[in-house]
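Chemist: Structure incoming, see below.
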Amino acid sequence: MTEHLGGANGGAGGDRHHTAGPGTVPSFGAEISGAVVEGGVVVHFGDPVREQRALAAGRAAAPLADRTVIAVRGEDRLTWLDSITSQSVSTLAAGESTELLVLTPQGHIEHAAAVLEDGETTWLITDAADAPGLAKWLTMMRFRSRVEVAERDDLVVVGFAPEGKAAEAIVPLAQGRVWRDPWSVVSAGGWQYAQTDEHPGAERAWCEAIVDRNEASEGDVFAGAEPAGTAASEALRIAAWRPRWAGEVDEKAIPHESDWLRSAVHLNKGCYRGQETVAKVHNLGHPPRRMVMLHLDGSESTLPAPGAPVFDGDREVGRVTSVARHHELGPIALAIVSRRTAADAALVVDADGTRVAASQEVIVPADAGATAEIPRITRLSRRPLAE
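Counting in my numbering, the sequence shown runs without a single skipped number right up to 820 at its last residue.
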């Protein structure tokens with residue numbers, strides 16, 4: 434699964450962009466004037482910085498062609514999902530949102546999905562490259578459970594802030610299918626490793642609407658909202674320290690290293706695949722890697738690409754996973770580094786041969802985990818008792 438590492442680049446590689454042309458089947462949003470498309474995804478509409486500000490302020494919405502919808506129906510759907518994933522969803526009420534992970538037996542992240550319940554269907558929103566594998570695995574896991582699983586290519590996903598003109602325009606088109614990102618708070622049963630009084634995720638107000646593309650055109654969606662590309666949405670995500678499957682997950686990833694216990698793992702629920710590793714690392718051990726945010730030297734015009742190596746001196750200590758140019762913070766990145774990397778280390782990123790200085794902001798500290806208090810057993814003296 435290494436090809437997934439660094440899949441979300443926030444539009445860093447500008448020379449790879451191209452404008453959607455005739456003869457192609459455009460993704461949702463690609464036919465809007467000024468759309469610049471990369472890999473089937475609208476990266477921006479001509480002014481990424483302005484689009485970021487508008488998206489954060491609730492004036493803009495982003496067509497997310499890199500997100501796919503999976504519908505799970507059937508009367509057993511919630512208890513079934515609860516039994517095979519990291520999140521407690523058995524009592525999820527209509528209108529409630531959460532997110533879940535599917536782990537390997539060894540506790541590594543295999544799939545990730547946003548979860549929205551509407552009372553009849555549980556909607557999963559996942560990164561597009563993850564959707565086929567997740568849908569296949571869910572189908573294989575049905576056994577005798579009364580559930581149906583289907584990828585829905587007739588539906589598109591649009592991201593926006595919950596307050597503002599964009600929400601007013603898009604929410605009615607979604608017919609109640611609006612997922613609200615739980616990242617702004619620590620979910621019930623979750624845990625935050627980041628040691629900060631002001632977590633940047635607390636300011637993340639983000640929604641993703643599921644819209645029927647056969648009933649709502651691009652003109653309908655963006656009649657009351659300015660368009661923004663994924664360069665804008667990715668920059669806001671990275672600034673909030675928010676992990677995603679297409680960026681921060683590789684074959685070694687466990688939830689602890691990216692602080693994903695914060696919103697996608699319930700530590701007190703029943704058994705599920707990979708739970709033993711989750712509990713063991715959280716209670717007794719430490720994740721071998723940890724996520725950091727990097728503030729990159731802005732004097733270099735080139736941003737490193739996802740997957741670029743991170744160095745502490747001459748020693749490679751990790752890899753960049755997601756990169757963006759933020760409208761306030763400047764060039765920033767998320768990276769996964771070795772746990773033993775010093776918190777005050779002066780890091781350098783190799784951007785295609787250019788050494789870019791990077792100031793490290795700790796997200797997951799080196800001492801994350803080992804939360805269980807193990808009672809000390811008094812050792813018996815070997816000296817003979819006095820007569």
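Every residue, glycine too, gets a C-beta built ideally from N, C-alpha and C.
A quick note: this is a predicted structure, and the numbers were derived from the prediction, not measured.
1. Only counting the same chain, and skipping five residues up and downstream in sequence, which positions put a Cβ closer than 7 Å to that of ASN647?
2. In angstroms with no decimal places, state the Cα-to-Cα distance between ILE465 and ALA490.
3. According to DSSP, GLY751 sits in a beta bridge with which residue or residues?
4. If you follow the alpha helix (DSSP H) that THR663 is in, where does it begin and where does it stop?
5. Just how far apart, CA to CA, sit VAL589 and VAL644?
6. May I ask you to report which of helix, strand or coil DSSP gives GLY566?
7. Who are the Cβ neighbours of GLU525 in its own chain at under 8 Å, not counting the five residues just before and after it?
8. In the structure shown, what three-state DSSP assignment does MET574 receive?
9. Does any residue of chain C bring its CB to less than 8 Å from the CB of ALA791?
10. With three or more C-beta pairs closer than 8 Å as the rule, is the stretch 689-698 touching the stretch 773-792?
11. Which residues bound the beta strand (DSSP E) around HIS544?
12. Between the Cα of ALA665 and those of PRO595, VAL756, LEU727 and TRP624, spot the shortest distance and give me the residue it belongs to.
13. Near ALA668, what residues of its chain come up, given a Cβ to Cβ distance below 8 Å and the 5 sequence neighbours on each side ignored?
14. Going by the beta-carbon positions, is the gap between ARG610 and ALA561 smaller than 8 Å?
15. Looking only at its own chain, which residues have a Cβ that is under 8 Å from the Cβ of ALA568, when we skip the five neighbours before and after it?
16. Tell me where the alpha helix (DSSP H) around ILE517 begins and ends.
17. Which residues in the same chain as PHE744 place their Cβ atom closer than 6 Å to its Cβ, once the five residues preceding and following it in sequence are excluded?
18. Pull up the distance between the alpha-carbon of ALA697 and that of GLU601, whole angstroms please.
19. For VAL698, which three-state DSSP category applies?
20. In three-state terms, what does DSSP make of LEU736?
21. Tell me whether HIS759 sits in a helix, a strand or coil according to DSSP, three-state version.
22. Take the Cβ of THR804 as the centre, count every other Cβ of all protein chains shown within 10 Å, and call the residue buried at 16 or more, exposed below.
23. In whole angstroms, what is the alpha-carbon distance linking ARG637 and GLN628?
24. With a CB to CB cut of under 8 Å and the five nearest residues on each side skipped, what residues in its chain are close to VAL700?
25. Take every Cβ of the stretch 613-622, pair it with every Cβ of the stretch 783-793, and state whether three or more of those distances are shorter than 8 Å.
26. Between the stretch 534-549 and the stretch 671-683, can you find at least three pairs of beta-carbon atoms closer than 8 Å?
27. Can you name, in chain order, every residue of its own chain whose Cβ lies under 6 Å from the Cβ of ALA673, other than the five neighbours on each side?
28. Could you tell me which residues DSSP pairs with LEU534 in its beta bridges?
29. Am I right that SER519 and TYR705 are in contact with their C-beta atoms under 8 Å? What's the rounded C-beta distance?
30. Would you mind working out which of ALA607, ALA768 and SER516 sits nearest PRO742, comparing C-alpha positions?
Modeler: Inspection of the coordinates gives the following:
1. ASP587
2. 21 Å
3. VAL743 and VAL770
4. 663-672
5. 5 Å
6. helix
7. According to the sequence displayed, residue 525 carries Leu and not Glu. Around LEU525: LEU511, THR531, VAL548, GLU550 and THR555.
8. In the structure shown, MET574 sits in coil (DSSP, three-state: anything other than H, G, I, E or B).
9. Absent from the structure is chain C; it holds one protein chain and no more.
10. no
11. Per DSSP, HIS544 belongs to the beta strand (DSSP E) from 542-550.
12. Each of PRO595, VAL756, LEU727 and TRP624 was checked against the Cα of ALA665, and the nearest Cα belongs to VAL756.
13. When the five nearest sequence neighbours on each side are left out, the beta carbons in the same chain lying within less than 8 Å of the beta carbon of ALA668 are those of GLY443, PRO481, GLN485, ALA757, ARG758, HIS759, HIS760 and ILE765, in order along the chain.
14. no
15. ILE503, VAL582, ALA583 and GLU584
16. 510-517
17. VAL781
18. 28 Å
19. DSSP places VAL698 outside both helix and strand once states are collapsed to three, so it counts as coil.
20. coil
21. strand
22. exposed
23. 18 Å
24. With the sequence shown as reference, residue 700 is identified as Leu, and Val is not the correct amino acid for it. Counting only residues of its own chain and dropping the five nearest sequence neighbours on each side, LEU700 has a CB closer than 8 Å to the CB of GLY622, GLY623, TRP624, LEU694, VAL711, ALA712 and HIS715.
25. Contact between the stretch 613-622 and the stretch 783-793 is absent, because fewer than three Cβ pairs lie under 8 Å.
26. yes
27. PRO633, GLY634 and ARG637
28. ALA545
29. Contact flag correct, Cβ pair sits at about 6 Å.
30. ALA768
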